[in-house]
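Remarks on the structure that follows.
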Amino acid sequence: MSKPYYEATSPGYGARPARAALRTDAATVGLGGGWRFHLAPAADLAPDGFWADDFDDSSWSVLPVPSHWPLHGHGFPVYTNIGYPFPLDPPRVPDENPTGDHRLVFELDESWTKEPAVVRFEGVDSCARVWLNGQELGVTRGSRLPVEFAAGPHLRAGRNVLAVRVHQWSSGSYLEDQDMWWLPGIFREVTLIRRPPGGVEDVFVHAGYDTSTGRGALRVDAVTRDGAEARLSVPELGVDDLPAGHGITVEGVAPWTAETPRLYEGVLATGTERVTLRIGFRTVAVEDGQLRVNGRPLLLRGVNRHEHHPDHGRALPAEVDREDVLLMKRHNINAVRTSHYPPHPRFLDLCDELGLWVVVECDLETHGFSAADWRGNPADAPEWTEACLDRIRRTVERDKNHPSVVMWSLGNESGSGRNLDAMAAWVRGRDPGRPVHDEGDHECRHSDVYSRMYLPHDEVEAIGRHAEPPLDDPDADARRRSLPFILCEYAHAMGNGPGGLAEYQRLFERYPRLQGGFVWEWIDHGLRRRTPDGREYFAYGGDFGEPFHDGTFVIDGLLFPDRTPSPGLVELKKTVEPVTIHAAEGREDRRGRRVRITNQYDFSDLCHLRFELALSSDGQPVLAEPLQVPPVAAGETAEIELPALPAVDGEGWITISAVLAEDQPWAPAGHEVAWTQLPLTEAEQPSRSGAGPRLAAVPRRRSDGRLVLGSGEFDGRSGRLVRLGAMDVDGPVLDLWRAPTDNDRSASLWGPADDSAVRRWRRAGLDRLLHRVDEVADGPDGILVRTRVAAAAQASGMTVEYRWAADESGLVLTVRVEPAGDWPGGLPRLGVRMAVPGRLGRVRWFGLGPGEAYPDSRSAARVGRFSSTVDALQTPYVVPQENGARADVRWAELSGGDGPALRMESVGLPRFSLTARRWTTGDLESARHTTDLAPSDRIFLHLDAAQYGLGSASCGPGVLPAHRLEAAPFTWSLRLSPGVRVDTVG
21 MSKPYYEATS
31 PGYGARPARA
41 ALRTDAATVG
51 LGGGWRFHLA
61 PAADLAPDGF
71 WADDFDDSSW
81 SVLPVPSHWP
91 LHGHGFPVYT
101 NIGYPFPLDP
111 PRVPDENPTG
121 DHRLVFELDE
131 SWTKEPAVVR
141 FEGVDSCARV
151 WLNGQELGVT
161 RGSRLPVEFA
171 AGPHLRAGRN
181 VLAVRVHQWS
191 SGSYLEDQDM
201 WWLPGIFREV
211 TLIRRPPGGV
221 EDVFVHAGYD
231 TSTGRGALRV
241 DAVTRDGAEA
251 RLSVPELGVD
261 DLPAGHGITV
271 EGVAPWTAET
281 PRLYEGVLAT
291 GTERVTLRIG
301 FRTVAVEDGQ
311 LRVNGRPLLL
321 RGVNRHEHHP
331 DHGRALPAEV
341 DREDVLLMKR
351 HNINAVRTSH
361 YPPHPRFLDL
371 CDELGLWVVV
381 ECDLETHGFS
391 AADWRGNPAD
401 APEWTEACLD
411 RIRRTVERDK
421 NHPSVVMWSL
431 GNESGSGRNL
441 DAMAAWVRGR
451 DPGRPVHDEG
461 DHECRHSDVY
471 SRMYLPHDEV
481 EAIGRHAEPP
491 LDDPDADARR
501 RSLPFILCEY
511 AHAMGNGPGG
521 LAEYQRLFER
531 YPRLQGGFVW
541 EWIDHGLRRR
551 TPDGREYFAY
561 GGDFGEPFHD
571 GTFVIDGLLF
581 PDRTPSPGLV
591 ELKKTVEPVT
601 IHAAEGREDR
611 RGRRVRITNQ
621 YDFSDLCHLR
631 FELALSSDGQ
641 PVLAEPLQVP
651 PVAAGETAEI
661 ELPALPAVDG
671 EGWITISAVL
681 AEDQPWAPAG
691 HEVAWTQLPL
701 TEAEQPSRSG
711 AGPRLAAVPR
721 RRSDGRLVLG
731 SGEFDGRSGR
741 LVRLGAMDVD
751 GPVLDLWRAP
761 TDNDRSASLW
771 GPADDSAVRR
781 WRRAGLDRLL
791 HRVDEVADGP
801 DGILVRTRVA
811 AAAQASGMTV
821 EYRWAADESG
831 LVLTVRVEPA
841 GDWPGGLPRL
851 GVRMAVPGRL
861 GRVRWFGLGP
871 GEAYPDSRSA
881 ARVGRFSSTV
891 DALQTPYVVP
901 QENGARADVR
911 WAELSGGDGP
921 ALRMESVGLP
931 RFSLTARRWT
941 TGDLESARHT
951 TDLAPSDRIF
961 LHLDAAQYGL
971 GSASCGPGVL
981 PAHRLEAAPF
991 TWSLRLSPGV
1001 RVDTVG
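In this note's numbering, each residue's number is its place in the sequence shown (first place is 1) plus 20.
So, in structure tokens, the structure goes:
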């Protein structure tokens, strides 16, 4: 029994040679829209002869093209990270192979029968067989790659029928094991393109730049039909009628960079066709151990970008590509790795236009073969050589004319093997002007950069110092040490995190060999769904009843699925900002204060920015004025003397911002690019004692057993605060647990497989603490409550003292914690929790904001006064987990409804971190989706002295030692007071 065509290891048959994506004046007909569609559960159950002109498809559904059929009610999506969702038996696939038949009837005038034409598919997942008017055109595999079939001989005036059979599983699926949803369908455009005699078949633009002379070197190679002559015109450069293939030197061109994306419009024309070109002059090379463009080294502030939309999957609407590029530019991202396949070509057009460095990756991943110790890996098996080469050819040929593309990547997580060697050799022969990247080539046999994933900070630093462990082969080791290093994936952005971004960035800036990296990843791949009562949530693996899936691991982006920036993206913007501002050493007096401004751009000076200075006192603005800064050159530093500033009575902060001086194509004037805050020296701030003047308030015990102290009432048995002024409260009481983050739940890649933070915390019983009251005493100094907090079956515990005193402002609580026994896993948090009435839904605070902040993810938070609502304080992570903490809070007020407000103040150091939500930690921990969280009639407050960091252990290193929270004796103080009613928040 012969294998079916969709199990052949070849790329397919019938396709025309790969060529560039071209903007041409040749006639085209877009074939998108409503197609007739039929889904069969297996290939052998698909209707025979559906490609015939007279086939009756009237009973079929109508499916939009481009689209994925599982997102339109036909079948269901499947998510896996590594394992294939079918048996590992290459190149065979299961009989249960959903097969979608598509039919389109379209009309043409007679002119289409007089000249050749092609039908071009930009992307079909995973194997397609194509017929036109009953004639087979061919078969294609390579889902995210274009293919063209000759259509001209089969076209006719009037009615035409295009029929496409698409198989969800094929031999090509073994080459497409990327970490994403498996989504079959015709998901990119289908176009009929006329190919006139004497037309332009292909173009290759070579546009180099000599930084020493400022000259450009220009040559445009062309392949034409019938040997026609093609000529190039670039009016802005005075190039007119230059024969294709002829090189010239152009004086005084402006080079293309991601910071200054200068493009020149050109036209390559024959007698029958004109192709519009956008030419950017730049030279890419690995020289002196660095990746350089136009002679200067790059620092890649990058992200990995999958194509994803919560409603359309990878069938992205055109406006989404522009939205993504604008968001990247506005968040100081300068580079993209197109993980793990070539994106829609219009995305690269936007990168050319708006300026991003791009690593284009081939549509190749065989990660699932790691389950078989890489036996039979297509990256090394000779029967797969042509399929691998076909994929890199189609990648390079399509995208070779984009100046934004500075590196070709052979694929992702495909092990190693002869086919990757062959792909690299082909790329170098076809396009020697761009380096080759292969993340799996750790010995750099064929790679031009040393690339790794998710290395911890200390290993990255060792590589920066050229001190990594040597290879066995001295020559190979010497070559690898001579190459630049790039983290092709790092800082796994799953859930609340990633932590440690700032520490990575400081390493990149310190060591020239470290040329940055690409955060994993750009967007959560959640698919939009609704509960029966209409509430929206985002689905992940397992939500569609798939028997085999990888759950929430697809929710790991800097954007939420609806493209709302997460706190992680805001943190990334701050840590990679291209201008850094610091106080100059040794000059701290206000009237002679100086700051150091360092230009971290690779090419641009600072002329496009204006600088602003603001002074605040206790979070209230005092003054704002321009700050004069010279046009500091790229890589240089200038010291600036600040103007004389007025004295302030409160806590004073200077904020310096760098904003766009004029509108840019990617953001308006005034958009903030970088900022810093500098505290006024302690000598210039008024001294304050931790608590105000103490009143001679003595506790008294009521007949009902309650203790009364100042404005507070306490339960006489437990010592717990139950009423503050006219407000019922519950607590505060010691709390050490948090709803685990995705990073808490995972073991670091570089530690024991079963050693996640949550496992350590659960072993210590931190999720099931019990409280025992040992003493409640009242006396002239207030109320003392002694307790012991411990878990069942554990000898270790915490001795806790709550000391309550009253002053003129309210109640002052001092908490002293003393650990007893062993606490090897650290603590999730150290603080107190309490519950207050649900009407207190408005929040004001003076501290870090406006967004959440954690020990290793707080660079983007600034000191100020902020206002919000309790509901808006929540970060809606797709998978509910710890979120929403506002750090370094000096004071906070909750208000709302008809009753009084609640004021909380830090007394001395440390300042507290505030979390306020309408559900408990247990509710948050047990919820699978945001719609599982039901608001209660109370607000639950966490006032934390400290929290454990975030790290990125979901796929990478855990929390750095400096940001861990170890069990140790600790004391901190808070003031709680009933406030007046506040109807507005300002």
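Each residue gets a CB set at the ideal place from its N, CA and C atoms; glycine is no exception. Quick caveat: nothing in here was measured; it's all calculated off a predicted structure.
Assuming residue i and residue j make a contact with CB atoms under 8 Å, what is their CB distance in whole Å?
i    : j    : result
L347 : P585 : 7 Å
P362 : R418 : 6 Å
R472 : L507 : 6 Å
With DSSP as the reference, label residue i as helix, strand or coil.
i     : result
Y25   : helix
Q525  : helix
D775  : coil
S888  : strand
T572  : helix
Y874  : strand
D801  : coil
Y1058 : The structure shown does not extend to residue 1058, since the chain is modelled only from 21 to 1006, so the question has no answer here.
F580  : coil
V1068 : Outside the displayed range of the chain (21 to 1006) lies residue 1068, so it cannot be described from this structure.
D230  : strand
S709  : For S709, the predicted model reports a pLDDT of 38, less than 50, meaning its position is unreliable; a value from the coordinates is still stated below. Coil, per DSSP.
N619  : strand
A314  : The sequence given here has Asn at residue 314, not Ala. Note: N314 maps to coil in three-state DSSP.
S586  : coil
F960  : strand
I824  : Note that residue 824 is Trp in the sequence shown here, rather than Ile. DSSP places W824 in strand when its eight states are reduced to three.
S946  : helix
D842  : coil
Exposed or buried, which one is residue i when buried takes at least 16 other CB atoms within 10 Å?
i    : result
G460 : buried
H122 : buried
I268 : exposed
V82  : exposed
Y104 : buried
R395 : exposed
C627 : exposed
D964 : buried
E733 : buried
H545 : buried
L727 : buried
E682 : exposed
E556 : exposed
Y510 : buried
D609 : Residue placement at D609 is poorly supported in this model, since its pLDDT is 47, which falls under 50; the coordinates still yield a value, given next. That one is exposed.
Which residues in the same chain as residue i place their Cβ atom closer than 6 Å to its Cβ, once the five residues preceding and following it in sequence are excluded?
i     : result
P1017 : There is no way to answer for residue 1017, as the model of the chain reaches only from 21 to 1006.
H387  : I102, D197, E433
A522  : T595, S879
E130  : A177
Under 8 Å Cβ to Cβ from residue i, same chain only, skipping five residues before and after it: list those, please.
i    : result
G999 : E913, S915, P920, A921, L922, R923
A855 : V749, D750, G751, R958, I959, F960, L961
E986 : W843, G846, L847
D458 : S429, L430, G431, L440, A444, H466, S467, S471
To which residues of the same chain is residue i closer than 7 Å at the C-beta, ignoring the five residues directly before and after it?
i    : result
A305 : R312
R611 : Here R611 scores only 45 on pLDDT, less than 50, and its place in the model should not be relied on; the value that follows carries that caveat. If we look at R611 and ignore the five residues flanking it on each side, its Cβ neighbours are A664.
Taking only heavy atoms of the ligand MN into account, decide whether any of them is closer than 7 Å to the Cβ of residue i.
i    : result
V270 : Questions concerning the ligand MN fall outside what the structure shown contains, since it holds no ligand whatsoever.
Does the beta carbon of residue i sit closer than 8 Å to a beta carbon anywhere in chain B?
i    : result
F623 : No chain B appears in this structure, which consists of one protein chain only.
* Would you list, in sequence order, the uninterrupted beta strand (DSSP E) runs of no fewer than 3 residues that lie entirely inside the segment 56 to 107? => 81 to 85, 98 to 100
* **Start-end ranges of the alpha helix (DSSP H) lying completely within the segment 400 to 466, minimum 4 residues** => 405 to 419, 438 to 450
* Asked: What are the uninterrupted segments assigned as alpha helix (DSSP H) that are 4 or more residues long and contained completely in the segment 370 to 405, given in chain order?
  -> none
* Entirely within the segment 483 to 571 and at least 4 residues each: give me those alpha helix (DSSP H) ranges in chain order. => 494 to 501, 521 to 530
* **Uninterrupted beta strand (DSSP E) stretches inside the segment 125 to 163 (no shorter than 3 residues)** => 137 to 141, 147 to 152, 155 to 161
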